[in-house]
Structure formats: C-alpha cells, structure tokens
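Before any comments, here is the structure.
Protein chains in written order, with my numbering: chain A, 6 to 365; chain B, 175 to 558.
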C-alpha cells in the first residue's frame with residue numbers, strides 16, 4: 006500500500022471520527038437549557054433500583070407535565086459521575102438508597118441546601134440532614150430495616166434475637182449473609198462500630214465468619230431462600246425483600262414463607278438497624294424549580310403511600326396510611342437511634358475491618 | 175473457585191475455537207495429505223504440522239480469553255473469588271480511593287504486558303503464511319471415533335449453552351411472559367450501540383493491522399491497544415471520567431453516546447485487531463508480489479485479493495465486538511446518557527432488585543441476539 010492509499014484510509018477514518026466529535030456540539034449544553042423558560046424537564050440521577058418505581062415517576066409526569074430524564078446506577082457509580090461532571094453536571098435531583106452514601110454525598114458537596122416548608126413539616130428532623138441557615142441538603146423519603154429470618158426447625162428464636170448472637174458458638178454452621186462489601190452490610194457494621202467500638206465489632210465479625218454455613222454469595226432474597234431450604238439456619242435481610250415474599254401469590258414464594266420465621270433483632274437493647282433512602286437537589290441543577298417540585302411530590306401522600314404499597318418500605322411521613330398487609334404482618338418494632346453521620350464516617354473502617362477478618 | 179473456572183472455560187473457549195477453526199479451514203488441506211504420504215498418521219500430522227502452524231490463531235484466542243478473565247467482575251464477585259478486578263472495585267467504591275484503584279489496575283496491566291511480551295518473543299522468529307488455501311477433504315467418521323467426537327462436541331454445547339439457556343427459559347415461563355414496556359427501548363439501544371461500535375472497530379482494526387504489516391516497527395501500537403481488553407470496564411470508566419473532569423467535558427456523557435462508544439472502542443478494539451491480524455498473517459508476501467506482477471495497483475490488491483481472503487476474519491472481528499458490547503456492563507452504567515438503558519443494564523438493575531423472573535427475558539435476548547451473528551459467521555465459513 007502506498008502512502009497515498011494509507012492517507013485515503015486515514016482520511017476516511019478521520020472523517021468518521023470527526024462526525025462523532027461534532028455530535029456533542031450539536032447537542033445542547035446544559036447551561037443553555039437552564040435559561041429555557043417553561044422547560045418541562047427534570048434530570049434525575051437515581052440509585053433506586055426498584056422496578057416498581059416506574060409508576061412513581063410516570064405519576065409525577067402525569068400530574069405536572071414535567072418529563073423525567075433518568076440515569077440509574079449504584080450510589081457509588083453516581084457519586085463518581087457527579088464528581089467528574091463537576092459544575093457542568095446536568096443533574097437536578099439525586100436519589101440514593103443508603104444513609105452512609107447520602108452523608109458522603111452531602112460531605113462531597115453534591116447537594117444544594119434548600120428551604121421547603123412542606124418538606125420540613127412533613128419529614129421528621131432525624132430523617133433529614135441537619136439544617137443550617139441555607140437549608141437542608143438531603144431528605145429521607147422511606148426507611149427499611151435489617152432483620153433476621155430463621156429456619157424454624159434448625160434454630161430457635163431465642164438464639165437469634167440479637168445481632169450479637171450471630172457470632173456465638175450456639176449458631177455454628179447456621180449463619181448466612183450477603184457479601185460484606187455491600188452497602189447494606191457496611192452500614193450495619195458501621196452502626197455497630199459506633200455502638201460497641203471497633204475492637205468488639207471485629208471480634209464479632211470474626212465469630213460470624215466462623216459460624217457461616219457457606220461463604221457469602223447472592224443477594225438478600227437468596228439468603229431467605231437458603232434459610233427456607235435448610236442450607237442456612239439464620240440470615241440477615243432487608244425488610245422489603247421479606248415483605249415482597251410475604252405478599253406474593255406465587256406458590257413457591259408461599260412455600261418459602263411457610264418454612265421461615267422472622268425476628269426483630271435487639272428489641273430489648275439498642276433496637277433494629279434501619280437505613281434511609283432519600284435525596285436532594287443537585288448543586289448546579291439546571292431546573293431547580295422542577296427539582297423542588299419533585300421532592301415535594303416524593304413527600305406527598307400519594308408518593309409516600311406508594312413507597313409502602315409499591316416497594317414495601319416504610320414512609321417517613323407519620324400521617325400516611327399504610328395498606329400493606331405484609332408490612333402489617335411484620336408489625337412495629339423498636340428502631341436503632343444512631344446518627345447518619347456516624348454511620349457514614351465509619352464506612353471505610355467497616356470495610357477494612359471486614360477485610361481483616363476475611364468476611365468476603 | 176471451581177465454579178468460576180468452569181463458568182469461564184465454557185464461556186470463553188469460543189474465542190480460541192472460532193479463530194482457530196478459521197485457521198484450520200484456511201490452512202492448506204494438503205498439509206495433512208502430504209504428511210500422510212510421508213508416513214505420518216493423521217494424528218501425528220496434526221500434532222507436528224497443523225497445530226504448530228495454527229499457533230498464532232490459538233494464542234490470539236487464548237490471549238483474548240485470558241484478558242476477558244482478568245477483566246471480569248460479575249462471575250468472580252458472585253463466586254467470591256478475590257481477584258484484581260474485585261480488589262479494584264473495593265478500593266474504588268468501598269474506600270473511595272481512586273488512586274489506589276488505578277494503582278491496582280496498573281499492576282494488572284503490567285501482568286498483561288508480560289504475557290504479551292512472552293508470547294511475542296516466542297514466535298518472533300517464525301513465519302506462518304502458507305501458499306495454498308484449499309480445504310481439507312472432510313472424512314466421515316465411523317464407530318468409536320464418531321461416538322467420541324459427538325459426545326465431546328455435544329457435551330461442550332450442553333454445558334456451555336443448552337443448560338444455562340434452559341434454566342433461563344424456565345425462569346421466563348414461570349413468570350408468565352409479562353414483557354416490560356421498556357423492553358423494546360432496551361433492545362434498540364443495545365443493538366444501536368453494538369452495531370455502531372462493531373463497524374468502527376473493524377475499520378480501525380484494518381487500519382492498524384495494515385500499518386503494522388507495512389512497517390513492523392509499529393507493532394508496539396497494537397500491543398498497546400491490546401491492554402484495553404484486559405482492563406475491567408469500571409477501571410476504564412474511572413480513567414475516562416478523570417480525563418473528562420480535567421477538561422471539563424463530562425457533560426458530553428449526558429449529551430450523546432459518543433463517550434460510551436469511545437469507551438467500548440478502547441475496551442474491545444483488541445479483539446477485532448487480533449482477528450484481523452491472524453487473518454492477515456495467513457496472506458503471504460508472495461501473494462502480494464504475484465498480484466502486482468499481474469498489474470494490480472495497491473488499492474486493487476486490497477480490494478480484489480486481500481478483502482476476499484480477509485472476509486471471514488473481518489466478520490469474526492465485527493462479531494466479537496458486537497457480542498462484547500451487547501453484554502458490557504460497568505462502563506455502560508457509568509458513562510451512558512439519559513434514558514439509555516441497554517439489555518445488560520436492565521438485567522443488572524433487575525438482578526439488583528432481586529427480580530430473577532423478570533430478568534430472564536433481557537438476558538435471553540442478549541444470548542439470542544449474540545447467536546444471530548454466530549450463525550452468520552458459520553455460514554460464511556461453511557460457504558467458502
């Protein structure tokens with residue numbers, strides 16, 4: 006091939022590449038979209054990974070006519086993307102599903118503090134960030150708890166009524182959990198570090214690893230199924246996965262439920278660990294009015310009922326009526342009272358601790 | 175660990191299989207016949223002649239498979255195997271330490287560099303092009319050999335494809351075939367971006383492969399491009415995010431699929447490059463010489479001699495990239511624009527929500543859409 010032919014091929018490739026380089030110039034820069042009056046759009050970055058949320062978003066669009074543009078990813082993935090986008094980020098609202106991650110996002114400056122009478126009156130103070138003169142940065146919209154399920158024939162309920170008992174020898178070969186690296190587990194460990202100190206928690210984690218029926222794998226629902234099949238005696242799970250099974254009409258799900266019992270850990274002591282899902286307005290939101298409208302919507306009765314009836318979480322607004330039979334079966338419980346900031350601060354220590362004891 | 179090895183072996187052997195099969199078919203059928211006239215049995219002829227001559231193809235396939243394993247996160251994290259990839263994720267996501275993640279990634283890439291270097295130097299002195307292109311006469315098998323061949327091939331197909339597909343089909347029918355309304359969106363997004371990337375990567379692969387053919391001192395470029403394949407998708411995403419952050423161009427991600435396609439190219443160009451290079455290595459310099467003696471210009475040689483001979487390699491190259499992009503996940507999760515969920519992303523979100531029944535359809539679709547190009551390729555190979 007002569008230089009001429011090589012140049013021809015090079016030219017062709019350059020042409021193709023330049024078409025693609027030109028493409029973003031044809032796309033609107035977010036700052037231009039900012040000025041557009043009556044732009045009926047909302048850019049949502051959400052870590053909520055629940056299929057049932059589709060109705061939540063389409064209801065908002067139906068009510069207000071505002072179209073929601075979504076990017077859904079893990080809390081951490083979203084945080085990385087927001088970090089890179091910096092002040093040009095097109096995000097309007099950021100939603101996360103873990104308290105530690107919310108705190109982290111607040112510290113990293115992703116949220117814009119806002120004042121909203123409606124939100125402040127509806128959401129209890131311990132379910133939103135501490136307000137400073139400029140307002141609150143994030144608001145919780147629903148909660149979930151981390152409780153124990155156990156196989157009624159293999160384990161008795163008195164042996165598993167606290168998190169601490171998971172490391173005792175009476176439960177040898179019975180314990181199953183998901184991977185310790187998952188945010189739900191890290192938050193539980195972070196809360197434990199806050200309550201009992203790092204050394205005690207490390208000893209506890211070592212004990213749990215020694216008691217495991219199998220190395221961690223799969224998600225919470227997999228643990229529930231393993232408890233039902235007898236592979237495990239006791240497992241930890243988030244409440245909404247359990248409630249989903251409780252409400253299911255499928256015969257195989259009902260069979261699983263018939264074989265397991267559930268128990269609220271630490272009721273006589275510090276209370277069961279809970280986690281918050283919530284969010285706030287993004288720092289450089291191009292549509293701040295729509296963003297606040299959306300947050301108000303999430304705290305409204307219809308959305309709050311939806312969190313309960315759709316995704317089996319508990320709404321933060323106390324006055325909302327819950328019609329979820331599964332949630333009613335779980336009943337009320339004493340919740341842990343630990344500051345979100347503490348859980349957030351302890352997350353790195355929690356991961357390191359788990360690595361030291363070999364909790365996979 | 176055993177589970178992971180089993181999964182990877184059955185999942186990744188096609189890389190070696192496809193590239194090597196093309197090499198066997200195109201390799202002179204006379205090699206075996208000549209070796210038989212010289213007194214070798216078919217097995218000896220295979221071991222002493224055909225196999226060594228297919229070495230570039232085999233190593234190209236193995237290199238791809240090796241890099242896929244290094245880059246994988248899903249299977250190893252499910253089976254609880256602690257690898258570089260899981261360590262990189264932990265450093266980045268749990269510890270929030272981008273720098274540590276990148277350091278681990280560099281360690282991973284040094285290892286890949288070592289492998290390339292070893293492979294390259296071991297074949298630097300050998301020449302692989304051969305003059306004739308006839309297919310071997312297919313000999314029908316009988317009795318024991320036929321049974322063994324059938325069981326081996328059938329068993330591999332069963333374990334690697336039929337059983338997992340059946341499990342997914344079962345999940346699908348259990349939940350009564352409720353198709354999510356977003357399904358068509360997922361499908362069109364996946365196909366759009368996969369086809370786009372495949373076409374561009376084949377063009378680029380041809381460009382780079384020819385550059386090296388003309389000037390072998392440029393071969394380091396191809397080795398460099400090869401690293402993308404061993405890079406876990408999330409690490410690539412960190413790199414691109416950091417780069418965009420420095421130049422304040424991160425908003426490009428939300429505006430178009432440009433950044434996503436670029437990430438795919440960095441990640442997957444290597445597989446198309448390996449395939450095109452393996453194909454080019456079978457075209458001898460004397461073919462070029464004969465053609466120009468017969469009066470063809472350089473461009474005509476490319477059109478009338480090279481491209482027909484390379485057709486299978488080009489299609490294989492496009493196929494690899496198409497399938498890889500269809501199933502790519504971490505970079506897609508991080509770099510995609512608004513409202514752009516692919517089948518892989520949808521499967522992952524449904525899995526995160528622990529809805530196994532609902533994810534059967536998107537994941538089966540990824541498999542089926544990947545099957546179609548494979549059939550195409552088999553027919554192209556069979557036709558010639």
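The C-beta atom is built at its ideal place from N, Cα and C for all residues, glycine as well.
Bridge-paired residues (DSSP) for residue i
{"i": "residue 144 of chain A", "result": "A:133, A:284"}
{"i": "residue 181 of chain A", "result": "A:240"}
{"i": "residue 128 of chain A", "result": "Paired residues: none, contrary to the question."}
{"i": "residue 319 of chain A", "result": "A:148"}
{"i": "residue 221 of chain B", "result": "DSSP output for residue 221 of chain B lists no bridge partner at all."}
{"i": "residue 277 of chain A", "result": "A:340"}
{"i": "residue 156 of chain A", "result": "A:265"}
{"i": "residue 72 of chain A", "result": "A:46"}
{"i": "residue 77 of chain A", "result": "A:51"}
{"i": "residue 454 of chain B", "result": "Paired residue(s): none; residue 454 of chain B is not in a bridge."}
Cross-chain neighbours of residue i in chain A, by beta carbon under 9 angstroms
{"i": "residue 264 of chain B", "result": "186, 356, 360"}
{"i": "residue 532 of chain B", "result": "56"}
{"i": "residue 418 of chain B", "result": "89, 90"}
Pair within 7 angstroms by beta-carbon distance, residue i and residue j
{"i": "residue 366 of chain A", "j": "residue 155 of chain A", "result": "Any question about residue 366 of chain A goes unanswered here, given that chain A covers just 6 to 365."}
{"i": "residue 169 of chain A", "j": "residue 358 of chain A", "result": "no"}
{"i": "residue 224 of chain B", "j": "residue 199 of chain B", "result": "no"}
{"i": "residue 341 of chain A", "j": "residue 278 of chain A", "result": "yes"}
{"i": "residue 282 of chain A", "j": "residue 134 of chain A", "result": "no"}
{"i": "residue 253 of chain B", "j": "residue 177 of chain B", "result": "yes"}
{"i": "residue 492 of chain B", "j": "residue 323 of chain B", "result": "no"}
{"i": "residue 187 of chain A", "j": "residue 523 of chain B", "result": "no"}
{"i": "residue 536 of chain B", "j": "residue 526 of chain B", "result": "no"}
{"i": "residue 328 of chain A", "j": "residue 314 of chain A", "result": "yes"}
{"i": "residue 218 of chain A", "j": "residue 178 of chain A", "result": "yes"}
{"i": "residue 348 of chain A", "j": "residue 195 of chain A", "result": "yes"}
{"i": "residue 86 of chain A", "j": "residue 508 of chain B", "result": "yes"}
{"i": "residue 128 of chain A", "j": "residue 115 of chain A", "result": "no"}
{"i": "residue 437 of chain B", "j": "residue 339 of chain B", "result": "no"}
{"i": "residue 518 of chain B", "j": "residue 530 of chain B", "result": "no"}
{"i": "residue 489 of chain B", "j": "residue 551 of chain B", "result": "yes"}
{"i": "residue 232 of chain A", "j": "residue 180 of chain A", "result": "no"}
{"i": "residue 376 of chain B", "j": "residue 446 of chain B", "result": "yes"}
Neighbour list for residue i in chain A, Cβ cutoff strictly below 7 angstroms
{"i": "residue 537 of chain B", "result": "The contacting residues do not exist; residue 537 of chain B stays about 15 angstroms from chain A at best."}
{"i": "residue 359 of chain B", "result": "Per Cβ cutoff of 7 angstroms: no residues; residue 359 of chain B is ~12 angstroms from chain A at best."}
{"i": "residue 526 of chain B", "result": "54"}
{"i": "residue 529 of chain B", "result": "56"}
Residues that residue i contacts on chain B, provided the C-beta gap is smaller than 8 angstroms
{"i": "residue 191 of chain A", "result": "268"}
{"i": "residue 353 of chain A", "result": "268, 269, 270"}
Proximal chain B residues relative to residue i, where beta-carbon distance stays under 7 angstroms
{"i": "residue 74 of chain A", "result": "512, 513"}
{"i": "residue 62 of chain A", "result": "Simply none; closest approach about 11 angstroms."}
{"i": "residue 48 of chain A", "result": "512"}
{"i": "residue 86 of chain A", "result": "415, 508"}
{"i": "residue 365 of chain A", "result": "254"}
Contacts of residue i in chain B (Cβ-Cβ under 9 angstroms)
{"i": "residue 302 of chain A", "result": "Those do not exist, as residue 302 of chain A stays about 19 angstroms from chain B at its closest Cβ, beyond 9 angstroms."}
Chain A contact residues for residue i, given Cβ-Cβ distances below 8 angstroms
{"i": "residue 486 of chain B", "result": "Within 8 angstroms Cβ-Cβ: nothing; residue 486 of chain B doesn't reach chain A, min ~21 angstroms."}
(message) Residues of the segment 423 to 448 of chain B in Cβ contact with chain A at a cutoff of 9 angstroms, in chain order, please.
(response) Considering only beta carbons, the part of the segment 423 to 448 of chain B lying closer than 9 angstroms to chain A consists of 423, 424, 425, 426, 427, 428, 429, 430, 431, 432, 433, 435, 436, in chain order.
(request) Closer than 9 angstroms, Cβ to Cβ, to anything on chain A: give me those residues from the segment 499 to 523 of chain B, in chain order. (result) Against chain A - using a Cβ distance shorter than 9 angstroms - the residues of the segment 499 to 523 of chain B are 504, 507, 508, 509, 510, 511, 512, 513, 514, 515, 519, 522, 523.
(message) Can you pull out the residues from the segment 201 to 227 of chain A whose beta carbon lies closer than 9 angstroms to at least one beta carbon of chain B?
(response) Listed in sequence order: 220, 221, 222, 223, 224, 225, 226, 227.
(message) Under 8 angstroms, CB to CB, which of the residues in the segment 232 to 255 of chain B have a partner in chain A?
(response) Residues of the segment 232 to 255 of chain B whose Cβ lies closer than 8 angstroms to any Cβ of chain A, in chain order: 251, 252, 253, 254.
(message) If contact is defined by three or more beta carbon pairs under 8 angstroms, each pair taking one atom from either stretch, is the segment 402 to 410 of chain B in contact with the segment 498 to 505 of chain B?
(response) Taking 8 angstroms as the limit for Cβ pairs, the verdict is that the segment 402 to 410 of chain B does touch the segment 498 to 505 of chain B.
(message) Residues of the segment 89 to 103 of chain A in Cβ contact with chain B at a cutoff of 7 angstroms, in chain order, please.
(response) Listed by position along the chain: 89, 90, 91, 93, 95.
(message) With three or more C-beta pairs closer than 8 angstroms as the rule, is the segment 450 to 457 of chain B touching the segment 375 to 389 of chain B?
(response) The segment 375 to 389 of chain B is in contact with the segment 450 to 457 of chain B.
(message) Quick test of the definition: if touching needs 3 or more C-beta pairs under 8 angstroms, does the segment 205 to 218 of chain B touch the segment 351 to 365 of chain A?
(response) The answer is no - the segment 351 to 365 of chain A does not touch the segment 205 to 218 of chain B, with fewer than three Cβ pairs under 8 angstroms.
(message) For the structure I just gave you, are there three or more beta carbon pairs, one from the segment 506 to 521 of chain B and one from the segment 356 to 374 of chain B, closer than 8 angstroms?
(response) Taking a cut-off of 8 angstroms for Cβ pairs, the segment 506 to 521 of chain B and the segment 356 to 374 of chain B touch, as three or more such pairs fall below it.
(message) Would you call the segment 236 to 251 of chain A in contact with the segment 208 to 228 of chain A, where contact means no fewer than 3 C-beta pairs closer than 8 angstroms?
(response) Three or more Cβ pairs closer than 8 angstroms define a contact, and the segment 236 to 251 of chain A meets that threshold against the segment 208 to 228 of chain A.
(message) Measuring CB atoms only, is the segment 429 to 436 of chain B touching the segment 466 to 479 of chain B, in the sense that at least three cross pairs come out at less than 8 angstroms?
(response) In short, these stretches do not touch, since the Cβ pair count stays below three.
(message) Contact between the segment 240 to 248 of chain B and the segment 387 to 395 of chain B is defined here as three or more beta-carbon pairs at a separation below 8 angstroms; is this criterion met?
(response) Contact between the segment 240 to 248 of chain B and the segment 387 to 395 of chain B is absent, because fewer than three Cβ pairs lie under 8 angstroms.
(message) Would you call the segment 300 to 312 of chain A in contact with the segment 61 to 80 of chain A, where contact means no fewer than 3 C-beta pairs closer than 8 angstroms?
(response) Judged by Cβ distances under 8 angstroms, the segment 300 to 312 of chain A makes contact with the segment 61 to 80 of chain A, as three or more pairs qualify.
(message) Does the segment 286 to 304 of chain A come into contact with the segment 94 to 114 of chain A, if we say contact requires no fewer than three beta-carbon pairs (one atom in each stretch) closer than 8 angstroms?
(response) Flag = yes, the segment 286 to 304 of chain A and the segment 94 to 114 of chain A touch.
(message) Residues of the segment 226 to 248 of chain A in Cβ contact with chain B at a cutoff of 8 angstroms, in chain order, please.
(response) Listed in sequence order: 226, 227, 246.
(message) So if I threshold CB-CB distances at 9 angstroms, which residues from the segment 387 to 405 of chain B count as touching chain A?
(response) For the segment 387 to 405 of chain B, the residues whose beta carbon sits under 9 angstroms from a beta carbon of chain A are, in order, 387, 388.
(request) Output, in sequence order along the chain, the residues in the segment 133 to 155 of chain A whose CB is closer than 8 angstroms to any CB in chain B. (result) Of all residues in the segment 133 to 155 of chain A, none has a Cβ within less than 8 angstroms of some Cβ in chain B.
(message) Which residues of the segment 250 to 272 of chain A have a Cβ closer than 7 angstroms to any Cβ of chain B? Give them in chain order.
(response) Contact annotation: in the segment 250 to 272 of chain A, no residue has its CB less than 7 angstroms from a CB in chain B.
(request) Using a Cβ-Cβ cut-off of less than 8 angstroms, list which residues of the segment 112 to 136 of chain A approach chain B; keep chain order. (result) Under the 8 angstroms Cβ criterion, the segment 112 to 136 of chain A contributes no residue.
(message) Closer than 9 angstroms between beta carbons: that is the criterion. Which residues of the segment 325 to 346 of chain A meet it against chain B?
(response) Taking 9 angstroms as the Cβ-Cβ cut-off against chain B, none of the residues of the segment 325 to 346 of chain A qualify.
(request) Check each residue of the segment 448 to 482 of chain B: if its Cβ is closer than 9 angstroms to any Cβ of chain A, include it; give the result in chain order. (result) Going along the segment 448 to 482 of chain B in chain order, one finds 471, 472, 473, 475, 476 with a Cβ nearer than 9 angstroms to chain A.
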